Amino acid sequence: MRIKKTDFIKSAVVINDYPETTEIEFAFIGRSNVGKSSLINSLTNRRNLARTSKTPGRTQLINFFDVNEDFYFVDLPGYGFAKVPEAVKKNWGKIIADYLNSDREKIVFLLLDIRRVPSAEDIEMLKWLEHYSINYYIIFTKTDKLSNNQKFKQLKEIKKKLEFDNKDVFFYSALKNTGREELEEFIFDEREK
Ligand code: GDP
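Reminder that position 172 of the sequence shown reads as 172 in UniProt numbering, one-by-one numbering, no gaps.
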């Protein structure tokens with residue numbers, strides 16, 4: 001394990017509140033329930049570092065975690081709560097856009113549940129990442145829930161909605177920690193570039 005130590009640093013909404021850094025950082029985004037907290041906890045080997053917010057409409061925050069006292073993981077607020085008021089959605093949009101648009105050096109991981117066909121919001125998120133010229137990668141989550149055969153079929157369905165190359169995506173199961181080493185290695189390779 002190359003991630004030796006992870007600490008919660010702070011929550012922020014506006015750019016002025018982000019912790020300062022000169023290093024590349026790695027941000028995670030996806031619809032609520034995609035498995036983002038589970039993945040961050042699995043990756044950092046911490047049971048409860050990232051907590052799920054099951055309360056739609058509560059203040060949405062960006063959480064910064066320090067890894068090895070070296071660089072940050074950034075937990076962006078999840079999208080897609082069904083019954084969120086329009087004002088909250090708008091506010092969420094601004095929080096994310098500000099982060100994406102910030103001049104921090106970043107790689108964004110877009111999390112997609114491998115069992116689901118990407119939602120309109122997932123596709124919109126992808127467009128944003130492209131719009132802001134973000135260096136991003138897709139991580140398919142909950143891969144333990146499908147057999148290899150089902151995975152293969154599902155990827156074909158997903159590809160009808162969005163384009164990607166199999167070699168440019170990650171597969172992760174937070175339940176079984178599969179995909180962990182590969183993702184960790186990728187992160188450290190990017191960090192050391
Ligand atoms: P978040 O809202 O994106 O932070 O999602 P959570 O991490 O809270 O996960 C949502 C639900 O999916 C929880 O019930 C998790 O236990 C479950 N879950 C998350 N990751 C996995 C996984 O890799 N495999 C399985 N089987 N379930 C998962």
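Note that CB positions come from ideal geometry on N, CA and C, so glycine has one too. Quantities reported herein were computed from a predicted structural model and do not represent experimental measurements.
Check, Outcome
"Beta strand (DSSP E) segment containing Phe188, residue limits", "Taken as a continuous stretch (DSSP letters only), Phe188 belongs to no beta strand (DSSP E), being part of the alpha helix (DSSP H) at Arg180 to Arg191."
"Given Phe140 as reference, the closest of Ala50, Glu86, Ser147 and Ile114 once Cα atoms are compared", "Ile114"
"Delimiting residues of the beta strand (DSSP E) encompassing Val169", "Val169 to Phe171"
"The ligand ZN heavy atom lying under 8 Å from the CB of Ser11", "The ligand ZN is not part of this structure, which contains only the ligand GDP."
"Where Ser11 sits in the DSSP three-state scheme", "strand"
"Contained alpha helix (DSSP H) runs [length at least 4] in the stretch 13-73, N- to C-terminal order", "36-44"
"The stretch 141-152 in contact with the stretch 59-72 per 3-pair CB rule at 8 Å", "no"
"Three or more C-beta pairs below 8 Å linking the stretch 117-125 and the stretch 84-95", "no"
"Top-ranked residue by Cα proximity to Tyr132, from Thr143, Gln60 and Ile96", "Ile96"
"9 Å Cβ cutoff met for Asp98 and Ile15", "yes"
"Asn166 - containing alpha helix (DSSP H), residue span", "No alpha helix (DSSP H) holds Asn166; DSSP gives it neither H nor E."
"Ser32 beta carbon near the ligand GDP (any heavy atom closer than 8 Å)", "yes"
"Runs of alpha helix (DSSP H) wholly within the stretch 70-124 (minimum 4 residues, chain order)", "86-101"
"Nearest-angstrom Cα separation, counted from Asn135 out to Phe170", "15 Å"
"Per DSSP, the bridge partner or partners of Ile139", "Leu111 and Phe170"
"Buried versus exposed, by CB contacts within 10 Å (16 or more), Glu185", "exposed"
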